[in-house]
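Visitor: Residue numbers (my numbering), protein chains in the order written: chain L, 12 to 213; chain D, 32 to 189. Cβ coordinates follow ideal geometry from the N, Cα and C atoms, glycine included. Have a look at this one before I ask anything.
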């Protein structure tokens, strides 16, 4: 097989792959990035706004707030159960009603974003932002992986995770999401710490 | 001549997406990280438009975003039985060729994608991936040899 044939094969393999995100979405996201950059560069006034925002978040979502609803909520798709220790068990059986799961977790005092179709683009990872355009070194391990905020659990009833709200830091929430494989017939459940924001964690 | 971001996005979006799809093997994630990379390019368009190869900048940024997200989310658990609710509609790709490419080491996939889909020369590919030109040549040579052998075997079997 000639190199030109191979090149054609490789190009043909993805020729029907098209970017479906409209330009208006890209420009909207860019506007948000520019605004954040301006706020970050805004000096003392900007820092004051950021501090106030964190304070509001902390007051609105106290880590040890009393739960006024039943400790366990089970639907056909998922279960949320609070252990006596305060740890929240989440089990997912079907990819349905992510909004309901998200609402329940928020009611339990966890700033959460739940998507069963890709990621929430409004969410920013809590840790680790490499500089734009810079290659990142392999082998780095974010500290949150060992801090006990949450643990993924296989579980007989379905995959799940345990969330320990007492480990949430100021301005930190979690994102639960699903990623589909390239074939579309398999997916993974995942989670990660994110920065709290109205568009991400409510 | 003013090179407008809208023109750049329209002309480069599919090539950049295909390059990242081939590099990562994940069409849905690729859409997400390429969109983020284009948004960052748009936010810094004055700088990026002067880059020697803005497409390479977008692809490099997309791969960094993907690495960042992967690191933050490696507590994923595979589910054996999928729950297909019909909302997922991946882009069609040739499964045999894509499977052969996916079996390559990641760095070889990236070199193949940048060289063959973005038509980057060896030096630009090296700069984009942060490796030497010699390493690019070695990866490309090994990747093409492996693909050639893999696809030839498939032809013989079929």
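1. Quick one: does residue 77 of chain D have its CB under 8 Å from some CB of chain L?
2. Using a Cβ-Cβ cut-off of less than 8 Å, give me the residues of the region 34-58 of chain D that come near chain L, in sequence order.
3. Against chain D, with Cβ distances strictly below 8 Å, would residue 123 of chain L count as a contact?
4. For a quick check, are the C-beta atoms of residue 37 of chain L and residue 123 of chain L less than 8 Å apart?
5. Got a sec: which bits of the region 129-147 of chain D sit with their beta carbon under 8 Å from any beta carbon on chain L, in order along the chain?
6. If contact is defined by three or more beta carbon pairs under 8 Å, each pair taking one atom from either stretch, is the region 132-151 of chain D in contact with the region 45-59 of chain D?
7. Secondary structure at residue 119 of chain L, three-state DSSP: helix, strand or coil?
8. Determine the chain D residues that contact residue 34 of chain L at a beta-carbon separation under 8 Å, and present them in chain order.
9. Where do the N-terminal and C-terminal ends of the alpha helix (DSSP H) with residue 158 of chain D fall, by residue?
10. With a threshold of 8 Å between beta carbons, is residue 65 of chain D in contact with chain L?
11. Can you give me the start and stop residues for the alpha helix (DSSP H) that residue 50 of chain D sits inside?
12. List the endpoints of the continuous alpha helix (DSSP H) containing residue 179 of chain L.
13. Is there a C-beta anywhere in chain L that falls below 8 Å from the one on residue 178 of chain D?
14. Go ahead and label residue 162 of chain L buried or exposed: buried means 16 or more other beta carbons lie within 10 angstroms of its beta carbon, across all protein chains shown.
15. From the DSSP output, in three-state form, read off residue 94 of chain L for me.
16. Name, in chain order, the residues that DSSP records as bridge partners for residue 186 of chain L.
17. Anything in the region 99-129 of chain L with a Cβ closer than 9 Å to a Cβ of chain D? List those residues in chain order, please.
18. Does the separation of the CB atoms of residue 131 of chain D and residue 57 of chain D fall below 8 Å?
19. By Cβ distance, which residues of its chain are closer than 7 Å to residue 71 of chain D, with the 5 residues on each side in sequence left out?
20. Let's test the definition: count the other Cβ atoms within 10 Å of the Cβ of residue 105 of chain L and tell me whether it reaches 16, buried, or not, exposed.
21. Taking 8 Å as the cut-off, decide whether the C-beta atoms of residue 155 of chain D and residue 84 of chain D are in contact.
22. Between the Cα of residue 203 of chain L and those of L:89, L:41 and L:126, spot the shortest distance and give me the residue it belongs to.
23. In terms of alpha-carbon separation, which member of L:171, L:177, L:45 and L:26 lies closest to residue 225 of chain L?
24. Would you call residue 79 of chain L buried or exposed, if buried means 16 or more other Cβ atoms sit within 10 Å of its Cβ?
25. For a quick check, are the C-beta atoms of residue 44 of chain L and residue 74 of chain D less than 8 Å apart?
26. List, in chain order, every chain D residue whose beta-carbon is nearer than 7 Å to that of residue 44 of chain L.
27. Which residues share a DSSP beta bridge with residue 161 of chain L?
28. Could you tell me whether the Cβ atoms of residue 61 of chain D and residue 51 of chain D are closer together than 8 Å?
29. So what's residue 129 of chain D in DSSP terms, helix, strand or just coil?
30. Would you mind sorting residue 63 of chain D into buried or exposed? The rule is 16 or more other CB atoms within 10 Å of its CB.
31. Should residue 107 of chain L and residue 88 of chain L be called a contact, given that it needs their Cβ atoms to be closer than 8 Å?
32. Going by C-alpha to C-alpha distance, which of D:76, D:176, D:163 and D:53 sits closest to residue 35 of chain D?
33. What does the alpha-carbon distance come out to for the pair residue 24 of chain L and residue 209 of chain L?
Guide: Let's see:
1. For residue 77 of chain D, not one C-beta of chain L is nearer than 8 Å to its own C-beta.
2. The residues in question are 36, 37, 40, 41, 44, 45, 47, 48, 49, 52, 53, 56, 57 and 58.
3. It does not; no Cβ of chain D falls within 8 Å.
4. no
5. 129, 132, 133, 143 and 147
6. In this structure the region 45-59 of chain D lies against the region 132-151 of chain D, because at least three pairs of beta carbons, one per stretch, are closer than 8 Å.
7. coil
8. 37, 40 and 41
9. 153-160
10. yes
11. 36-55
12. Run containing residue 179 of chain L: none; DSSP gives neither H nor E here.
13. Yes - at least one Cβ of chain L is within 8 Å of the one on residue 178 of chain D.
14. Under the 10 Å beta carbon count, residue 162 of chain L is surrounded by fewer than 16 other beta carbons and is classified as exposed.
15. coil
16. Residue pairing by DSSP places residue 186 of chain L opposite L:124 and L:203 in a beta bridge.
17. 103, 104, 105, 106, 107, 127, 128 and 129
18. no
19. Beyond the five residues adjoining it in sequence on each side, residue 71 of chain D comes within less than 7 Å, by CB distance, of 92 in the same chain, given in chain order.
20. exposed
21. yes
22. L:126
23. In this structure chain L extends from 12 to 213, so residue 225 of chain L is not present and cannot be described.
24. Unreliable positioning characterises residue 79 of chain L in this predicted model, as indicated by a pLDDT of 45, which lies under 50. The coordinate reading is nonetheless provided below. Looking at its Cβ environment, which holds fewer than 16 other Cβ atoms inside 10 Å, residue 79 of chain L is exposed.
25. yes
26. 70, 71 and 74
27. The secondary-structure analysis by DSSP pairs residue 161 of chain L across a beta bridge with L:174.
28. yes
29. Under the three-state reduction of DSSP, residue 129 of chain D is assigned to helix.
30. buried
31. Taking the C-beta atoms as reference points, residue 88 of chain L is found nearer than 8 Å to residue 107 of chain L.
32. D:76
33. Spanning the two alpha carbons is a distance of roughly 40 Å.
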